[in-house]
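Below is one structure, written out as structure tokens, with a few remarks after it.
In our numbering, the protein residues as written are -12 to 244.
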């Protein structure tokens, strides 16, 4: 007897003050796009998911392979593919999200630089074919209830490090004011090493972006400041503010390693 097909949370949208929002059968926002400025990163935490650029040499910016685990409203995918001109892969489990992004959120069709996969992110990061093939990995994996990351254990973060090339960078969206943040950050630090993990202070909504690197040499402050100025000039993102918000992991987490 055939098993019943999985019932996916339906993708719905709302609009307010010129912004279109993606929902998954709940009030929680899964992503957003300003209708008249679709290339603009609308949500603050999504902007901060680009903070990896501070640790990236300017000559390498836009080079290599960018991957998003969790499509959301395709904002990061559009940015990586469109603004950065990187080879881009998005991995999304819910086919309704992919369809919604193509219909309502300006996600372009696949091309030579863009591949959108209807696949489980855990399967993707554990596929040996993807080992050390990724230069930038954005992880934003929440279900329709948005209660916490759906993939968040030691094995998952170890696999995320495994797909990164040497010098690769990962950003993860966590809830910084939740008790789960310390557990998640500790797991990331175990996988990457405490000297390769940083966090930004939480947004007003509580989202905390963690940046983790594989074999990155931390630049001097002057270099980071110059990179931040370049990012602001080229991409109109508040990178100098990000730099003020970056901090090492809390001592309580480091002591638990």
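Glycine is no exception: its CB is placed at the ideal position from the N, C-alpha and C atoms.
This structure is a prediction, so every number in the text was calculated from the model and none was measured.
Straight-line Cα distance separating residue j from residue i
i: residue 106; j: residue 54; result: 13 angstroms
i: residue 140; j: residue 22; result: 36 angstroms
i: residue 2; j: residue 192; result: 19 angstroms
i: residue 188; j: residue 228; result: 11 angstroms
i: residue 95; j: residue 37; result: 20 angstroms
i: residue 174; j: residue 136; result: 13 angstroms
i: residue 232; j: residue 226; result: 10 angstroms
i: residue 239; j: residue 126; result: 24 angstroms
i: residue 177; j: residue 4; result: 43 angstroms
i: residue 138; j: residue 34; result: 22 angstroms
i: residue 56; j: residue 48; result: 20 angstroms
i: residue 20; j: residue 6; result: 6 angstroms
i: residue 220; j: residue 46; result: 15 angstroms
i: residue 0; j: residue 90; result: 11 angstroms
i: residue 11; j: residue 128; result: 13 angstroms
Whole-angstrom C-beta distance between residue j and residue i, which should lie under 8 angstroms
i: residue 244; j: residue 181; result: 6 angstroms
i: residue 9; j: residue -6; result: With 8 angstroms as the limit, residue 9 and residue -6 do not qualify as a contact, their Cβ atoms being about 19 angstroms apart.
i: residue 80; j: residue 108; result: 7 angstroms
i: residue 58; j: residue 84; result: 5 angstroms
i: residue 156; j: residue 216; result: Not confirmed; about 19 angstroms, so no contact.
i: residue 186; j: residue 236; result: 6 angstroms
i: residue 111; j: residue 78; result: 5 angstroms
i: residue 41; j: residue 230; result: 6 angstroms
i: residue 154; j: residue 202; result: 6 angstroms
i: residue 86; j: residue 18; result: Not really, about 14 angstroms apart at Cβ, beyond 8 angstroms.
i: residue 147; j: residue 124; result: 6 angstroms
i: residue 257; j: residue 145; result: The structure shown does not extend to residue 257, since the chain is modelled only from -12 through 244, so no value can be given for it.
i: residue 52; j: residue 122; result: 5 angstroms
Where residue i sits in the DSSP three-state scheme
i: residue 80; result: coil
i: residue 115; result: helix
i: residue 239; result: helix
i: residue 2; result: strand
i: residue 139; result: coil
i: residue 49; result: coil
i: residue 158; result: strand
i: residue 213; result: helix
i: residue 68; result: helix
i: residue 106; result: coil
i: residue 36; result: coil
i: residue 131; result: Low local confidence applies: a pLDDT of 49 at residue 131 is under 50, so the model's placement there is unreliable, and no value is given.
i: residue 222; result: helix
i: residue 152; result: strand
Beta-ladder partner(s) of residue i, from DSSP
i: residue 98; result: 101
i: residue 199; result: 157 and 184
i: residue 8; result: 1 and 19
i: residue 74; result: 52
**Request:** Report yes or no: do the region 192 to 205 and the region 61 to 72 share at least 3 C-beta pairs separated by less than 8 angstroms?
**Result:** no
**Request:** Check whether the region 94 to 104 touches the region 30 to 38, taking contact to mean three or more Cβ pairs, one atom from each stretch, closer than 8 angstroms.
**Result:** no
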